[in-house]
Amino acid sequence: MKTLKIAIQKSGRLNEKSVELLKNCGLNFENYKSSLISPVSNFPLEILFLRDDDIPEYVQDGIADLGIVGENMIEETEVEVNYLQRLGFGKCTLKIAIPNNSDITDLSGLNGKAIATSYPAILGKFLTKNNIKSDIRMISGSVEISPGLGLSDAIFDIVSTGGTLKSNGLKPFADVMQSEAILIGNKNIENQDLIQELIDRIQSVLRAKETKYVVLNVSKENLQKVIDLLPGVKSPSVVPLAEGGWVAVHTVIPERDFWGKISQLKQAGAQGIVVMPIEKIIV
Ligand code: PRT
Ligand code: ZN
917 MKTLKIAIQK SGRLNEKSVE LLKNCGLNFE NYKSSLISPV SNFPLEILFL
967 RDDDIPEYVQ DGIADLGIVG ENMIEETEVE VNYLQRLGFG KCTLKIAIPN
1017 NSDITDLSGL NGKAIATSYP AILGKFLTKN NIKSDIRMIS GSVEISPGLG
1067 LSDAIFDIVS TGGTLKSNGL KPFADVMQSE AILIGNKNIE NQDLIQELID
1117 RIQSVLRAKE TKYVVLNVSK ENLQKVIDLL PGVKSPSVVP LAEGGWVAVH
1167 TVIPERDFWG KISQLKQAGA QGIVVMPIEK IIV
């Protein structure tokens, strides 16, 4: 069987989460900082550790079959690859930002102005779509200092907390693109079964992350009220307790409405609520 290759970031913001995801998929490999390739001992897969800039093209050209990279890099490099799975980490927004004291008030105010960025293709598409002609200045790092140095009137960069903008006297002006890490695949990939197996494993890890396993006790007369509040994977398991008239309910609750749901369950008569993390959900 042909060994698949997956490219992930060697070091940087996506490295740790990419390694963690693959390990949670049950893949055994060494994560030496010095090596470029690491074989997986229990799955026909090799992991290539690369700069994120190189990942989209390596996958497009088939040097790697799969890759984990920010959507922003795929958009910027304009490669032809398959989007296989959004991964829920590395979330950020690409924004145009202007100095706090700028007199630019609306998008058309960017006409004729200089915008510094490391993402000229994404910015260029956005400006064209909005009929704006600006002078795009390509800078490969520390874009946020360019207005202060008099090199540009605005910047276009990745923002997550907004702290970098703030500490450089800049304010967000327009959101252009949301991004998160994504699993991409080569367009002519042959080994479909193996790739599907990997995607299934990734999805089971992602599903588990979004949910908590909950066990609670409730009296039989309140049981239906509690069940009505529970979405569950299918239906909750109900187990009799030694104390007559009481049962334990086992179920799964989505992380996003977790606290709201717990307080509703308490009001409905649930007691002794135990919440546990889930490792994987295989459907
Ligand atoms: O060495 P290599 O080339 O592989 O890495 P890199 O330095 O080019 O990229 P890296 O590790 O910084 O980012 C990898 C990917 O993480 C990006 O392509 C995005 O998809 C994603 N990501 C998520 C981010 C951020 N959040 C982020 N905050 N990438 C960069 N930043 C930077 C941003 O450029 C700015 O300088 O963080 C600063 C802003 O952060 P806040 O929190 O102050 O707003
Ligand atoms: Zn990079």
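Take our numbering: the last position of the sequence shown gets the number 1199, and nothing is skipped along the way.
Each residue gets a CB set at the ideal place from its N, CA and C atoms; glycine is no exception.
Bear in mind that the values here come from a model prediction, so they are computed numbers and not experimental data.
Please state whether the Cβ-Cβ distance between residue i and residue j is less than 8 angstroms.
i            : j            : result
residue 1206 : residue 930  : Residue numbering for the chain in the displayed model covers 917 to 1199; residue 1206 lies beyond these limits and cannot be assessed.
residue 1127 : residue 1190 : no
residue 1056 : residue 1031 : no
residue 1196 : residue 1121 : yes
residue 967  : residue 921  : no
residue 909  : residue 987  : What the structure shows of the chain is the stretch from 917 to 1199, and residue 909 is not part of that stretch, so it cannot be assessed.
residue 1081 : residue 1046 : no
residue 1059 : residue 1034 : yes
residue 955  : residue 1110 : no
residue 1163 : residue 1136 : yes
residue 1194 : residue 1129 : yes
Straight-line CA distance for residue i to residue j?
i            : j            : result
residue 934  : residue 1068 : 35 angstroms
residue 1198 : residue 971  : 29 angstroms
residue 946  : residue 983  : 18 angstroms
residue 978  : residue 1015 : 43 angstroms
residue 965  : residue 924  : 5 angstroms
residue 1104 : residue 1138 : 56 angstroms
residue 962  : residue 944  : 11 angstroms
residue 1042 : residue 1091 : 10 angstroms
residue 1158 : residue 1108 : 50 angstroms
residue 1075 : residue 1038 : 15 angstroms
residue 974  : residue 995  : 10 angstroms
residue 1188 : residue 1177 : 15 angstroms
residue 1141 : residue 1184 : 6 angstroms
residue 1134 : residue 1154 : 10 angstroms
residue 1125 : residue 1011 : 29 angstroms
residue 985  : residue 976  : 13 angstroms
residue 1093 : residue 1079 : 18 angstroms
residue 989  : residue 1174 : 33 angstroms
residue 1113 : residue 1061 : 45 angstroms
residue 918  : residue 1115 : 17 angstroms
residue 1087 : residue 1006 : 22 angstroms
residue 932  : residue 1073 : 22 angstroms
residue 1017 : residue 1044 : 26 angstroms
residue 1009 : residue 949  : 29 angstroms
residue 1065 : residue 1003 : 37 angstroms
residue 1123 : residue 939  : 16 angstroms
residue 1085 : residue 1077 : 15 angstroms
residue 1179 : residue 951  : 49 angstroms
residue 1156 : residue 1192 : 20 angstroms
In the DSSP assignment, what residue or residues form a beta bridge with residue i?
i            : result
residue 1129 : 1168, 1192
residue 1153 : 1166
residue 1015 : 1086
residue 921  : 962
residue 1074 : 1010
residue 999  : 1100
residue 982  : 922, 1101
residue 1134 : 1163
residue 951  : The partner list for residue 951 (beta bridge, DSSP) is empty, contrary to what the question assumes.
residue 1094 : 1009
residue 1030 : 1051
In its own chain, which residues sit with a C-beta less than 8 angstroms from the C-beta of residue i, not counting the 5 before and 5 after it?
i            : result
residue 998  : 1100, 1101, 1102, 1103, 1105
residue 1020 : 1014, 1026, 1029, 1069, 1070, 1089
residue 957  : 944, 945
residue 1171 : 1125, 1126, 1127, 1128
Consider the Cβ of residue i: report whether some Cβ of chain C lies at a distance smaller than 8 angstroms.
i            : result
residue 1083 : Although the question refers to chain C, the structure presented lacks it and comprises just one protein chain.
Here's a check: name, in chain order, each residue in its chain whose Cβ is nearer than 6 angstroms to the Cβ of residue i, leaving out the five neighbours to either side.
i            : result
residue 1036 : 1052, 1054
residue 1146 : 1152, 1167
residue 1063 : 1015
residue 953  : 962, 964
residue 980  : 921, 923, 964, 974
Might you give, ordered along the chain, the residues of its own chain that have their beta carbon closer than 7 angstroms to the beta carbon of residue i, omitting 5 neighbours on each side?
i            : result
residue 1118 : 937, 941, 1001, 1099
residue 1181 : 1132, 1142, 1145, 1189
residue 928  : 968
residue 1161 : 1135, 1136
Task: Those residues, in chain order, that have a beta-carbon closer than 6 angstroms to some heavy atom of ligand 2 - done: Any residue whose Cβ sits closer than 6 angstroms to a heavy atom of ligand 2 makes the list: 967, 968, 969.
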